[in-house]
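Per my numbering, the very first residue in the sequence shown carries number 124; after that it's consecutive.
Beta carbons are placed, not taken as given, at the ideal position from N, Cα and C, and that holds for glycine.
Predicted, not measured: the structure shown is a model, and the values here were computed from it.
Below is one structure, written out as structure tokens, with a few remarks after it.
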Amino acid sequence: MEETYDFVIVGAGSAGCVLANRLSADGKNTVLLLEAGPRDTNPWIHIPLGYGRLFVDSKINWGYSSEPEPHLNGRRIYNPRGKVLGGSSSINGLIYIRGQPEDFDDWRAGNRGWSWAEVLPYFKRAEDQARGADEWHGTGGPLAVSDCCDPHPLCEAFIDAAEQAGFPRNPDFNGATQEGAGYYQLTSRRGRRCSAAVAYLRPALRRPNLRVVTEALTSRILFEGRTASGVEYRAHGALTTAKARREVIVAAGALATPPLLQRSGVGPADLLKRLGITPVLAHEGVGRNYHDHLQVRVALRCTQKITLNDDMVSLGRKVAMGLRYALLRKGMLTIGAGYAGGFFRTPLAEDHRPDIQSHFLVFSLDKMGEALHPFSGFTASSCQLRPESRGEVMATSPDPEAPPSIRANFLATEKDRRVNVEGLKLIRRILAAPAMQRFIAKEHEPGEHVRSDDEILAYCRERGSTIYHPSGTCKMGDDPLAVVDHRLAVRGLERFRVVDASVMPQVPSGNTNAAVIMIAEKASDMILGTA
Ligand SMILES: Cc1cc2nc3c(=O)[nH]c(=O)nc-3n(C[C@H](O)[C@H](O)[C@H](O)COP(=O)(O)OP(=O)(O)OC[C@H]3O[C@@H](n4cnc5c(N)ncnc54)[C@H](O)[C@@H]3O)c2cc1C
């Protein structure tokens, strides 16, 4: 079968949904959006706390695993990714963070148009901020951003403890300054998840010039010479060729975009040779510069039965939680991955910028996706915001169903090791402040016996894991490893762009969904020529 559209977009995730909406908005262009996963009908997608249930659900989650990580004691690190309309924004922790202005000013090197001043309007255009518009925030955009549910005594204690430890209270991490402790805002509206599919795709679905095909796995990009002419995809047993009159845009995410390019003949020469793929363009950068945020957690036993762990073992409390949500859209079911948290400077921070982020959770468990601890527990984590370590993502076979080889190379540099150790010490310093102490019966993990820097580093290696922000695998720039230019056009090829977390030259200092949505907002203007 063969079809023709103006634009063919691969992947209906955070970026793909934005592009599908914006490129079809004026009715002039025909747009095809292809998504490997199903529609977002699973009810747990739309209830924020459902996050925990989606974590390992293979129907809507690619559930990747890394190769053994050399600096994490050879462990394979689980890496969930959304495989559903909305992509990872349908299974993520809902935290709304943009990063630091300096992140984007750094992107600006080699990438005209990406400074903080130039990207802020796109963050604002995307946003529907429940607190109202101001210098930093927008209203009336598709993406709902709102305050989390009610204050929680443990979160209050964490924020007070941070103040006692010398860090400011911060009511808005996306405002004048990122530094300090406070509550996270979430991409939710009235207690329901606002994924990119809810925000951008649903309002556009009735447009006659937009076609969305779910359960459609794009197997490769088609080229005529060096021009992308369309894609080949398999849906419901049929293999279809979709031609693109104007452009093919890949938005499959930082772990799926490089293997798709590589299978299509765009990638490192030796890889293409090894896999027997005819090269379209040998490019060493495709799949390199992979990096992510490593998270290390401190789990605590609580002196009071006020944690989600306690709710989940009590039928009465679970019923009350369900009723409170059903009637008022409030309570524990409205919380995402982090309730409170903060951005802090360790002694290694080189300038005035926080170098670690903390997520404070009112529950505890051994591993994300597993059952909560049977005791009252809560968690405070540390993650290094600007890691130096770099890895790679490579196709393992021409078969589009074959999972890629993923190597994050966490903790490969001395600086990353030291910042992670200092980050954990800083979190412990906050937990040791008087406001928090009355809630702590005992440190469950790493435990009191883990004290010296060497012991803490050993703990990071044994228990550290991703916080799900893979980035940079088809980076934007003007150096030899840069895959796309500042307009996100793939270098050396025509009518072909990448628009997703892969193009980030460096991961922003925080959670990545808002930045990906900003990238796609800006890309749509560049594609339509309205920038
Ligand atoms: C568990 C988890 C928690 C997170 N928590 C947060 C958080 O709290 N706050 C935050 O800001 N960020 C968070 N993130 C990160 C954030 O959600 C991602 O950075 C962002 O969604 C990435 O957007 P993307 O468009 O690059 O990729 P994705 O949203 O992953 O979209 C890629 C899409 O492409 C599809 N696709 C892939 N290959 C193909 C193919 N061959 N054919 C067709 N379709 C294909 C995928 O199925 C997917 O739908 C989290 C992520 C995860 C997984």
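Item: Closer than 7 Å: Glu158 CB and nearest ligand 1 heavy atom; Value: yes
Item: beta-carbon Thr341 near ligand 1 non-hydrogen atom, thresh 7 Å; Value: yes
Item: Residue range of the unbroken alpha helix (DSSP H) whose run includes Asp228; Value: 224-230
Item: Sequence-distant residues of the same chain with beta carbon closer than 6 Å to Lys645, five excluded per side; Value: Tyr245
Item: Range covered by the beta strand (DSSP E) that runs through Cys425; Value: 417-425
Item: Identity of the residues DSSP links to Lys366 by a beta bridge; Value: Thr127, Gly353
Item: Start and end residues, alpha helix (DSSP H) containing Gln385; Value: 380-386
Item: Residues that Ser213 bridges to, as DSSP identifies them; Value: Ser213 pairs with nothing; no bridge assigned.
Item: Beta-carbon proximity list for Leu266, same chain, < 7 Å, skipping 5 on both sides; Value: Ala249, Glu250, Asp251, Thr310, Cys317, Ala322, Ile640
Item: Which residues DSSP lists as bridging Met599, in chain order; Value: Val607
Item: Check: Ile214 C-beta below 7 Å from any heavy atom of ligand 1; Value: yes
Item: Ligand 1 heavy atom lying under 7 Å from the CB of Lys598; Value: no
Item: Start-to-end residues for the beta strand (DSSP E) that takes in Arg343; Value: 339-347
Item: Beta-carbon contacts of Ala405 that lie in its chain and below 6 Å, excluding the five residues immediately before and after; Value: Ala392
Item: Cβ-Cβ distance between Thr502 and Val421 below 8 Å; Value: yes
Item: Inter-stretch contact at 8 Å, needing at least 3 Cβ pairs: the stretch 565-579 / the stretch 418-434; Value: yes
Item: Three-state class that DSSP yields for Asn196 in the structure shown; Value: coil
Item: Best match in Ile200, Met435, Val131, Trp185 for proximity to Arg586 [C-alpha to C-alpha]; Value: Ile200
Item: Between the CA atoms of Phe562 and Leu549 - distance to the nearest angstrom; Value: 18 Å
Item: beta-carbon Gly139 near ligand 1 non-hydrogen atom, thresh 7 Å; Value: yes
Item: First and last residue of the uninterrupted beta strand (DSSP E) at Gln301; Value: Counting along the chain, Gln301 falls outside any beta strand (DSSP E), and DSSP gives it neither H nor E.
Item: From Met491, Pro527, Val242, residue whose alpha carbon lies closest to that of His609; Value: Val242
Item: Buried or exposed by the 16-neighbour rule on C-beta atoms within 10 Å, applied to Leu446; Value: exposed
Item: Beta bridge counterpart(s) of Leu484 as assigned by DSSP; Value: Thr502
Item: Cβ shell of Tyr448 (< 6 Å), same chain only, five flanking positions each side left out; Value: Gly454, Leu456
Item: Check whether Gly546 and Ile479 have beta carbons under 8 Å apart; Value: yes
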